[in-house]
Amino acid sequence: MEKAGLLPLRFLEESGTLLLVDQRKLPFEEEWFDATAFDDLLFSIKEMVVRGAPSIGVVAGYGHALNIARRMRQGASLPVIEADLERLLATRPTAVNLQYGARQVHKAFMQALSEHSNSNANTNANTNANTNANTNADPAEAALKEAHRLYQEVLDANYQLSNHGLSVISKGASILTHCNAGPLAACGYGTALGVIRAAHYAGLQPQVFADETRPRNQGRLTAFELQREEIPVTLVCESMSGFLMKCGKIDLVITGADRIALNGDTANKIGTYNLAVLASFHKIPFFIAAPLSTFDRVTTDGDSIPIEFRAEEEVLTFDGARHAPPGVKAINPSFDVTPSQLISGIITEKGILRAPFQESIAAALSS
Ligand code: MRU
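Counting in this note's numbering, the sequence shown runs from 83 upward without gaps.
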């Protein structure tokens with residue numbers, strides 16, 4: 083029987099509490115982090131209590147909606163709410179889902195706010211975000227409703243893209259994946275791991291090699307998620323990928339994505355580009371699996387995707403313990419960009435997009 087994945091968040095409607103499973107503690111401890119307070123929300127995204135592009139998008143949506151309600155209770159002005167939104171958007175710059183989730187919620191809020199101000203001539207909506215109990219539209223409720231809708235959109239997209247991905251998996255395929263793109267990261271069935279889970283439950287018996295993915299070791303989360311479902315998984319260091327490909331051990335590579343430009347260039351966890359180059363050299367298909375909310379509708383190519391650089395301590399330490407000689411420097415780009423020429427297809431909820439990507443992406447985004 084199919085087992086449910088561990089989802090990254092719980093929203094307690096009655097108390098308006100946002101709880102996140104602390105992914106820094108997994109796979110050894112399942113601890114829940116209260117991200118209801120705005121500063122705790124910012125911390126949880128920046129410090130990767132919650133991580134993975136679709137998950138931080140959904141969490142940013144809920145977090146912004148909760149903050150709007152709180153600010154409105156305080157009678158705060160619109161510029162205050164917008165300044166908070168900017169702080170939220172700055173927490174992690176690469177994953178476009180964060181921008182998408184928070185901005186969609188903000189759009190729903192602004193729309194309700196303007197309907198409210200139209201229906202009440204005495205309210206100045208430009209200077210004061212507080213509502214009047216006499217009006218129908220409740221901007222804070224509209225924001226929360228949009229956060230719920232976005233969560234459902236992500237859940238549906240996960241399922242749909244996972245099923246579309248089945249067509250690229252042959253029986254007994256040996257699949258290499260990088261970082262973590264399962265339920266914890268994708269806030270649903272999974273993206274890259276969703277395809278693998280769907281293949282497993284369809285009886286295709288996939289075997290998985292999971293890159294450890296230094297410096298944050300998200301591959302351990304992948305191993306944890308697959309092991310829970312008894313899907314065969316072997317943890318490897320990413321430096322082993324070329325060797326495995328040369329030995330004929332890998333049939334295809336599937337990874338998730340953090341931002342996809344309009345020409346198909348794809349930002350994902352640092353090291354993804356290396357894998358794509360290796361896969362191309364060894365003539366192994368290389369697929370990306372991502373929902374349409376991971377596509378950046380403005381950025382034309384990968385050169386314009388902002389890359390997050392994180393603290394050098396993440397490289398100089400392992401599990402919090404220093405392992406580099408004192409005084410040694412490190413750099414820590416958290417993502418890289420894989421040019422679309424190296425991508426065999428992008429698995430989405432609208433089907434598998436293929437080259438020419440500019441056209442297939444435009445068609446998917448407009449349908
Ligand atoms: O830095 P992280 O752990 O948030 O990066 C996550 C990834 O790069 C994932 O591969 C990507 O977000 C896809 S998640 C379905």
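Just so it is clear, CB atoms sit at the ideal spot from N, CA and C, and this is done for glycine as well. Remember, predicted model here, so these are calculated numbers, not experimental data.
- Here the segment 172–186 lies against the segment 331–346, with 3 or more beta-carbon pairs under 8 Å apart.
- The beta carbon of Gln300 sits closer than 6 Å to the beta carbons of Cys261 and Asn262 from its chain, once the five residues preceding and following it are set aside; these are given in chain order.
- Going by beta carbons, Thr381 and Ile387 fall inside the 9 Å limit.
- Counting every other CB atom within 10 Å of its CB across the protein chains shown gives Pro265 a total of 16 or more, marking it as buried.
- Under the three-state reduction of DSSP output, Gln289 falls in the strand class.
- Counting only runs of at least 3 residues, the segment 269–349 fully encloses the following beta strand (DSSP E) elements, listed from N- to C-terminal order: 289–293, 315–318 and 334–337.
- Just so you know, the alpha carbons of Leu326 and Ile332 end up roughly 6 Å apart.
- Under the criterion of beta carbons closer than 8 Å, Gly143 and Glu228 qualify as touching, at roughly 7 Å.
- Between the segment 301–311 and the segment 115–130, the count of C-beta pairs closer than 8 Å stays below three; the two stretches do not touch.
- Note that the segment 237–252 does not touch the segment 154–167; fewer than 3 beta-carbon pairs, one per stretch, sit closer than 8 Å.
- Relative to the ligand MRU, Pro136 has its C-beta within less than 8 Å of a heavy atom.
- Remark: three or more beta-carbon pairs, one from each stretch, lie closer than 8 Å, so the segment 231–245 and the segment 424–432 are flagged as touching.
- The three-state secondary structure of Asp418, taken from DSSP, is strand.
- Here Lys351 is buried: its Cβ has 16 or more other Cβ atoms, across all protein chains shown, within 10 Å.
- Here Gly276 is buried, its C-beta having at least 16 other C-beta atoms within 10 Å.
- The three-state secondary structure of Phe125, taken from DSSP, is helix.
- With contacts defined by Cβ atoms closer than 9 Å, Asp293 and Gly353 form a contacting pair.
- Membership of Thr259 in the beta strand (DSSP E) is indicated by the continuous run Ser256 to Thr259.
- DSSP places Ala165 in the helix class (H, G or I) of the three-state scheme.
- The shortest C-alpha to C-alpha distance from Arg92 to any of Lys85, Glu84 and Phe115 is the one to Phe115.
- Within the same chain, Leu398 come within 8 Å of Val410 by CB-CB distance, once the 5 residues on both sides are set aside.
- Rounded to whole angstroms, Asn356 and Ala267 show a C-alpha spacing of 21 Å.
- Nearest in C-alpha terms to Val140, of all of Ile257, Gln186 and Arg392, is Gln186.
- Spatial neighbours of Ala224 in its own chain (CB-CB distance under 8 Å, excluding positions within 5 residues in sequence) are listed in chain order as Ala190, Phe191, Gln193 and Ala194.
- Beta-bridge annotation (DSSP): Leu171 is not paired with any residue.
- A straight line joining the alpha-carbon of Leu94 with that of His282 spans about 32 Å.
- As DSSP reads the structure, Thr430 sits in a beta bridge with Gly433.
- In this structure, DSSP gives Ala403 an extended state, which the three-state scheme calls strand.
- Here Cys269 is buried: its Cβ has 16 or more other Cβ atoms, across all protein chains shown, within 10 Å.
- When Ala184, Gly183, Ala222 and Tyr182 are compared, the shortest CA-CA separation from His198 is found for Ala222.
- The beta carbons of Asn345 and Phe417 sit about 17 Å from each other, so the pair does not count as a contact at 8 Å.
- The beta carbon of Asn245 sits closer than 8 Å to those of Ala280, all from its chain and outside the five residues before and after it, given in chain order.
- In the three-state reduction of the DSSP assignment, Asp385 falls in the helix class, which pools H, G and I.
- One alpha carbon belongs to Ser323, the other to Ala165, and they sit about 44 Å apart.
- Gly338 has its CB nearer than 8 Å to a heavy atom of the ligand MRU.
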